[in-house]
Amino acid sequence: MEILAGDTAWMLISTALVLLMTPGLAMFYGGMVRAKGVLNMMMMSFISMGVVSVIWTLYGYSMTFGKDLGGGLVGSPTEFFGLTTIISEDSVFGTIPTSVFAAFQMMFAILTVALISGAIADRAKFGSWILFVIIWVTIVYFPVAHWVFDFDGVDENGNVDPGGWIANDLAAIDFAGGTAVHINAGIAALAIALVLGKRVGFGREPFKPHNLTLVMLGAALLWFGWFGFNAGSAIAANATAGVVFLNTVVATGAAMVAWLLVERIRNGHATSLGAASGIVAGLVAITPACSAVDPLGAMAIGAIASAVCALAVSLKYKLGYDDSLDVVGLHLVAGLIGSIFVGLFATAAAPAGVDGLFYGGGSDQLVKQIIASFAVLAYSFIATYIIAKAIDMTIGFRVKEDAEVTGIDLAVHAESSYEIGSQGANRGGYAS
Amino acid sequence: MEILAGDTAWMLISTALVLLMTPGLAMFYGGMVRAKGVLNMMMMSFISMGVVSVIWTLYGYSMTFGKDLGGGLVGSPTEFFGLTTIISEDSVFGTIPTSVFAAFQMMFAILTVALISGAIADRAKFGSWILFVIIWVTIVYFPVAHWVFDFDGVDENGNVDPGGWIANDLAAIDFAGGTAVHINAGIAALAIALVLGKRVGFGREPFKPHNLTLVMLGAALLWFGWFGFNAGSAIAANATAGVVFLNTVVATGAAMVAWLLVERIRNGHATSLGAASGIVAGLVAITPACSAVDPLGAMAIGAIASAVCALAVSLKYKLGYDDSLDVVGLHLVAGLIGSIFVGLFATAAAPAGVDGLFYGGGSDQLVKQIIASFAVLAYSFIATYIIAKAIDMTIGFRVKEDAEVTGIDLAVHAESSYEIGSQGANRGGYAS
Amino acid sequence: MEILAGDTAWMLISTALVLLMTPGLAMFYGGMVRAKGVLNMMMMSFISMGVVSVIWTLYGYSMTFGKDLGGGLVGSPTEFFGLTTIISEDSVFGTIPTSVFAAFQMMFAILTVALISGAIADRAKFGSWILFVIIWVTIVYFPVAHWVFDFDGVDENGNVDPGGWIANDLAAIDFAGGTAVHINAGIAALAIALVLGKRVGFGREPFKPHNLTLVMLGAALLWFGWFGFNAGSAIAANATAGVVFLNTVVATGAAMVAWLLVERIRNGHATSLGAASGIVAGLVAITPACSAVDPLGAMAIGAIASAVCALAVSLKYKLGYDDSLDVVGLHLVAGLIGSIFVGLFATAAAPAGVDGLFYGGGSDQLVKQIIASFAVLAYSFIATYIIAKAIDMTIGFRVKEDAEVTGIDLAVHAESSYEIGSQGANRGGYAS
Amino acid sequence: MKLITAIVKPAKLEEVKSALSSHGVAGMTVSEASGFGRQRGHTEVYRGTEYTVDLIAKVRIEVIVDDKDVDGVVSVISTAASTGSVGDGKVWVTPVESVIRVRTGESGVDAI
Amino acid sequence: MKLITAIVKPAKLEEVKSALSSHGVAGMTVSEASGFGRQRGHTEVYRGTEYTVDLIAKVRIEVIVDDKDVDGVVSVISTAASTGSVGDGKVWVTPVESVIRVRTGESGVDAI
Amino acid sequence: MKLITAIVKPAKLEEVKSALSSHGVAGMTVSEASGFGRQRGHTEVYRGTEYTVDLIAKVRIEVIVDDKDVDGVVSVISTAASTGSVGDGKVWVTPVESVIRVRTGESGVDAI
Ligand SMILES: Nc1ncnc2c1ncn2[C@@H]1O[C@H](COP(=O)(O)OP(=O)(O)O)[C@@H](O)[C@H]1O
Ligand SMILES: Nc1ncnc2c1ncn2[C@@H]1O[C@H](COP(=O)(O)OP(=O)(O)O)[C@@H](O)[C@H]1O
Ligand SMILES: Nc1ncnc2c1ncn2[C@@H]1O[C@H](COP(=O)(O)OP(=O)(O)O)[C@@H](O)[C@H]1O
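Chains as they are written, first to last, in my numbering: chain A, 81 to 512; chain B, 81 to 512; chain C, 81 to 512; chain D, 242 to 353; chain E, 242 to 353; chain F, 242 to 353.
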């Protein structure tokens, strides 16, 4: 096929939009922790842009989209090593340059591992986190992304170039990553939180967000970037992208309203953190479903997922794990709901062209969605737990307690976030 | 017509850009209030994304772009109910999927009502504001947008599908919403400010902006997003979009300079709040005119409007209404100037192809512009006043005085915005 | 040629992205100064959007892309005066409307001069800075941009329309502005820092960043916008843009990692300011090279340049000039490395189609790169020094010492940035 | 001389400041504080979890006065700061042995 | 009456507050401070340059008590604030001549 | 023992701190304050409206010293803090009845 400038334009900007999601996430997360840990929180996301972009270029794209090594489980890590072979003008993916496709998909890998960091606020060694990022994307993300995102293709000789098992053999629908991104990161967050244990003072001290304007800015950038994530997953500027875009807005709007309603009823107050959280819940839930439902279905999925998340975020106190910023309560819960509800709310009128249970399509698709969701969940939980535990038992994953109490920013990064008081910089620094 | 990927790509990203304007506005406004009210200020914008996206999907798009119910006054609210009929691949608007057009126009509705909130900082009940949003977009925005943005079309049978009276019968030029958005929101802001009355301490206490970096960030995001607003209103990536884009930059740059000059002369200091305000004034003023003038005309409109706004913002102290963040002084004043100046500065060399008074085109267009502006102004003022008054007299629109004094964030949202001090989170919170 | 909607869409959004870089820079710089100077720091960038957009429209575009006045040195300042002649539908540049090209290139002028301001934090008179901006873009930027960016064209009569000497006669490769933007701004920063002298307390007081979340937000917006800067310089949504985009990500990721490694080894801590700085170093270094290398080459350039910058930023303390925010250490150093390394790492497999020294292409291109780099460096240093000195000796460039000590925001802009303390706005303001 | 320290509601700072000015008090020092006492704190809600914040924002005002002015100034402050509702604050007086004005080196009553 | 001023580590504020409440102390005033003393400061790094920050965040707690309660309250505070490591802080006692509750005008011990 | 409280210009904090260190003072407590006095405030401008801000940022320094050191320390502070221009601040001395070091429980001069 030939390169189409219109599709390429959309995919270029979509890629930039998805890149922006990671700093957006850094702010969303960073605003929620205490001032003494905001820089570390942001750095856990930022470093993912650094490390994963390099790995992806070296072998990550290959493992995800390279020739399948068998069973739809993982691609060949060497096929596109260094991405030097995809930069020629003839290297085309669909109607866009392969270089653009490779960059677009890179952003998904960057974001997914960054999502996990919300579970371990204020207490992870930075070096251990970097090691975790490297191992996790290699062992967990690239294979799972291969399962879900690598559709069978045709090679130069006209033979089938087989892709991942979920996309092709199972044929579950996951348009933009409900399973590969959100269930994956959400359950990994649970595993890593279990390994690291609770923050000092968890359940006793308040840990209130130190900067809610930063949280809202982060949520806004996430929403903005998510259009690239979802509508960009059409890999073209076409009618599918249009419907996906519309569904993404509507689901998110409904989700924000739903979360605020739950809060108003339960606590008497609709909060700004609730609005930001509802936005993210809605975005997560519509991600797998956005090509398969109509705007009313999108509204329903967004609203239901968000309301459930609003209730689920308190579970950690009861169950006693410190998923600090509710990655489980948001990404796992909304990811599961979104992925599974495709089997209920899908309508053949939407681009994906499949009817779900509620639209007379029977439970076929529903079953596929459930299998895909739990396959990813199980693999990711086990593999993540092992990785995190191995790191913890060797180089250690957690900072010393007094570093945690003083503040991880100072202890790990030798920085303090704000110096805003009236005598500001005079609070005692010297150039040594 | 067929879908053109290039045009669709531009409209997809334009839609995302316009969505981003609402959080941008939230920050622009939020930074200007005191720290104890920033979350509420931002929430009044954010909630518009939640509520209006749902309403627009249900019946708003229909009321705006549905079959005219007669006289070019309003469209049928049921025609596109739920937007389920526009998601098929054949549903095309111009050269883009109808879903994209519907999403693009949705963002205008979201933003317009959010603009109004600047007039009532620190004192509105959140539930009443939500009710206001719902009623206002329904009774004021959708009809007015229909007047201005719904051009006559042709239906499946080749018959004329009549649109709104300002666009078609009057043929006033309002490229991207000087009347429907800015005059409309600006005068509504006056009406609602009159109903709610002044903040406790108005004219006596200083009410200085609590975070000017947030204001500047907001202004930057507004400018960035406004390219989608204005150049996206070409509904294509063509020469018109290009000229509109160029005019939008130039007018805004000139406006920033003009505002700062006024300040330098009057107060001896060019301020950052002035720069941010000048940016917004310029963007507002060029909005209706951006397709009708050349870059020198754009410069003139931007500079004049901004200088007038810089003088107009002080009026509220003399006239005694508390338009807290100068929605009247910015959006109404610059909206009027921009809309009316089309009649002066329009040049046939520009895409709209009309000559204004200064370019030898006589006063025809000028008269049309004035009629359109004042029609919107009058309708919006009266309707808004009635809506706001009705809410105030029934469920009440204003929080209790002590809630206002303590701070609306705490009273209404049970949150506080920042916890940045050196002992930060220790200032006395407990998990209960 | 005809206008292609796909290319136009990409260039419209690229232009918006590059506009956003200037506020991004304002935040990156603003967060690094003390709280009492953040507004002035941001205003030095913002005012560039105001002043340069006007000048560019009047005569800047003409001087840059107008008919060459001889020797490839500068274009005719009057040819496109006011940009009124390029708004017709037939005015096409390549495959996009000329209006879009003019707007895109305007953003480069705005950004370049804003970059310089980092060298003179906390101490420049605002009026003098504005004067500097006007003179500098006219005498330095427009000519240099003409040298580098104005490729020979063909006029209406089929005759050659000669452009700048570096682009055409020398044929050095500078895809997106390593010489014209970064070396230019970097060396100008040194010149202006020498003229203004050191801040009160330089080398003795700590001057620590007052808000690192703002710095990180700025870095993120810069990265996001830089995709428009680099990939937009393809002036089309094609394979070149794709490769450029991919190289831009990879170089930046590697650069972030490299900077953090240097810090970890030297200081024992990887910092968030280091991550933000590494991002910028990588972006600068890849800018000239992004079309000429493959992803592995991009990685190498990014990493090397960033590591060198991480070491270079301390030089100012040894050499004794106060380049406050390290414009020299980042933009000059990384700009030189990126520009010159094209001669080493270029590969004919990349879009530019040239082999560098390491790829068997000999030292030809290397020599060209060095000539181009030092030509720009020499001209810019001398011209900038003269301009800054002339301003300093006439109207004065520096604020009074007590204004600097109290804080330039208050002295020059009569504003204070934050009012966040628990009794916030009560710290003593009155409406007078 | 005496040091009068007053803990008052932030919203009353302006009034106290004006009242002191009118009363002829030439200077004062103000700082941020937060207080705990009979006044109940407030509840904040983050993701459904409620936090009780029991330290309430207050302002500390310090004024050095000559012995003979103590009673007058204390009553000016407490009048201006009063809203009649719980949490209005305290005023207390402590002895000061000497005062110096840094600029001039003056000491005693001249330094106030 | 006496004014007890305690400079303690921020992380100990909650404990001190609870301990005082249990001890029956009705009110206190808290403010931010930073301290310099035997405790070594920390080093921050910005673009490779190291800064020594020697003022360490502390909290100041002020409690007015009746003369007879001084010793009890001082010991409650110092027990609750202690971690045994350097920088735990100081508690000092100064005389107070009079106290007034703004809301009621009560004075003396009744005002506490 | 005595408590020396100094209100000085923020820009002078470093100098005062060094001077005290050189003088052998082992510790001090610093906090943010703002002051009102002979020094004129400044004007800020927001959207054309001018605000007079009359509380100017200051730093409060507190040092507990043994009786015999009072005069020395006061003069070290006032020398280091002086710029000779209005607003340089005040230093005052108040009596302290007892001091305790939290970490060790030491009291009196040993606790300083
Ligand atoms: N014993 C005390 N010591 C020091 N400060 C106190 C004491 N009691 C109260 N305060 C301060 O006075 C403020 C008001 O006290 P509170 O008991 O809430 O109300 P009221 O004085 O009206 O009875 C408190 O917030 C606190 O700052
Ligand atoms: N002489 C002093 N005057 C006032 N405050 C002091 C004095 N010495 C110490 N402090 C305060 O007490 C805190 C703890 O003192 P430091 O000497 O660091 O530890 P420790 O009391 O455990 O020996 C300091 O941070 C400071 O706030
Ligand atoms: N009577 C007072 N009580 C308490 N603090 C005072 C008093 N007078 C002045 N101050 C403090 O001293 C600072 C400097 O005083 P000011 O009168 O402005 O200058 P100067 O001491 O040089 O005459 C003030 O900002 C204030 O913080």
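C-beta atoms are modelled at their ideal positions from N, C-alpha and C, and glycine is treated no differently.
It should be emphasised that the depicted structure is a prediction, and the values quoted were computed from it without experimental measurement.
{"Item": "Can you tell me whether Leu399/A is buried or exposed? The criterion is at least 16 other CB atoms within 10 Å of its CB, across all chains shown.", "Value": "exposed"}
{"Item": "Do the region 344-364 of chain C and the region 133-143 of chain A make contact, defined as three or more Cβ pairs closer than 8 Å?", "Value": "no"}
{"Item": "Given the structure, does Ala267/F come close to ligand 2, in the sense that its CB is under 7 Å from one of the ligand's heavy atoms?", "Value": "yes"}
{"Item": "Determine which residues of the region 477-498 of chain B have a Cβ less than 7 Å from any Cβ of chain D, and write them out in chain order.", "Value": "Val485, Leu490, Ala494, Glu495, Ser496"}
{"Item": "Count the other C-beta atoms from every protein chain shown that fall within 10 angstroms of the C-beta of Thr158/C, then say buried if there are 16 or more, exposed otherwise.", "Value": "exposed"}
{"Item": "Three-state secondary structure (DSSP) at Ser443/B?", "Value": "coil"}
{"Item": "Tell me whether Glu484/B sits in a helix, a strand or coil according to DSSP, three-state version.", "Value": "helix"}
{"Item": "State the DSSP-derived secondary structure class of Asn120/A, mapped to helix, strand or coil.", "Value": "helix"}
{"Item": "Who are the near neighbours of Ala210/B in its chain, counting only those whose CB is closer than 8 Å to its CB and skipping five residues on each side?", "Value": "Note that residue 210/B is Ile in the sequence shown here, rather than Ala. Only Ile127, Val131 meet the Cβ criterion."}
{"Item": "Given a limit of 9 Å on CB to CB distance, which residues of the region 337-351 of chain C reach chain E?", "Value": "Val342, Glu343, Arg346, Asn347, Gly348, His349, Thr351"}
{"Item": "Between Ala201/C and Val113/C, is the Cβ-Cβ spacing less than 8 Å?", "Value": "yes"}
{"Item": "Please compile the residues from chain B whose C-beta is within a distance smaller than 8 Å of the C-beta of Gly86/C.", "Value": "Ala85, Gly86, Ala89, Ala317"}
{"Item": "In its own chain, which residues sit with a C-beta less than 8 Å from the C-beta of Tyr292/F, not counting the 5 before and 5 after it?", "Value": "Thr284, Glu285, Val286"}
{"Item": "Select from the region 294-305 of chain E all residues with a C-beta closer than 7 Å to any C-beta belonging to chain D, and list them in chain order.", "Value": "Ile305"}
{"Item": "Could you tell me whether the Cβ of Thr246/E comes closer than 8 Å to any Cβ of chain A?", "Value": "no"}
{"Item": "Does any residue of chain A have a CB that is nearer than 8 Å to the CB of Thr320/E?", "Value": "no"}
{"Item": "Short of 8 Å in beta carbon distance, which residues of its chain neighbour Trp339/A, apart from the five on each side in sequence? Order them along the chain.", "Value": "Gly354, Ala355, Ser357, Gly358, Ala361, Ser386, Ala387, Cys389, Ala390"}
{"Item": "Taking just the CA atoms, how far does Thr293/C sit from Val172/A?", "Value": "39 Å"}
{"Item": "May I ask you to list, following chain order, the residues of the region 198-224 of chain B that have a beta carbon less than 7 Å from some beta carbon of chain A?", "Value": "Phe206"}
{"Item": "For Pro375/B, go through chain C and note every residue whose CB falls closer than 8 Å to its CB, in chain order.", "Value": "Thr137, Gly162, Leu163, Thr164, Ile167"}
{"Item": "Are the CB atoms of Thr165/C and Met81/C nearer to each other than 8 Å?", "Value": "no"}
{"Item": "From Phe206/B, Leu84/B, Gly110/B, pick the residue whose C-alpha is nearest to that of Asp472/B; which is it?", "Value": "Phe206/B"}
{"Item": "So what's Thr175/B in DSSP terms, helix, strand or just coil?", "Value": "coil"}
{"Item": "Along the region 385-398 of chain B, where does the CB come closer than 9 Å to a CB of chain F? Name the residues.", "Value": "Ala390, Leu391, Val393, Ser394, Tyr397"}
{"Item": "Hey, which unbroken runs of the beta strand (DSSP E) at 3 residues or more fall wholly within the region 287-345 of chain D?", "Value": "290-294, 297-306, 331-336, 339-342"}
{"Item": "Taking the alpha carbon of Gly162/A as the reference point, which residue from Ser179/A, Ser94/A, Ser419/A, Glu484/A has its own alpha carbon closest?", "Value": "Ser179/A"}
{"Item": "In the DSSP assignment, the beta strand (DSSP E) including Glu499/A goes from what residue to what residue?", "Value": "From DSSP, Glu499/A is part of no beta strand (DSSP E); its letter is neither H nor E."}
{"Item": "Residues in its own chain within less than 6 Å of Asp351/F by CB, not counting five upstream and five downstream?", "Value": "none"}
{"Item": "Quick one: Cα of Ile384/B to Cα of Ala267/D, how far?", "Value": "47 Å"}
{"Item": "Mark Gln503/C as exposed unless 16 or more other C-beta atoms lie within 10 angstroms of its C-beta, in which case mark it buried.", "Value": "Unreliable placement is indicated for Gln503/C, whose pLDDT of 42 sits below 50; no coordinate value is reported for it."}
{"Item": "Can you have a look at Leu92/B and say buried or exposed, based on whether 16 or more other CB atoms are within 10 angstroms of its CB?", "Value": "buried"}
{"Item": "Using only alpha-carbon positions, find the residue among Trp333/F, Asp310/F, Asp295/F, Gly346/F that is nearest to Val343/D.", "Value": "Trp333/F"}
{"Item": "State whether the region 300-309 of chain E contacts the region 403-423 of chain C, with contact taken as three or more CB pairs (one from each stretch) at a distance under 8 Å.", "Value": "no"}
{"Item": "Measure the C-alpha to C-alpha separation of Val317/F and Met336/B and round it to an integer number of angstroms.", "Value": "51 Å"}
{"Item": "With a threshold of 7 Å on Cβ separation, who are the neighbours of Ser323/E within its own chain once the five nearest residues in sequence on each side are excluded?", "Value": "Asp329"}
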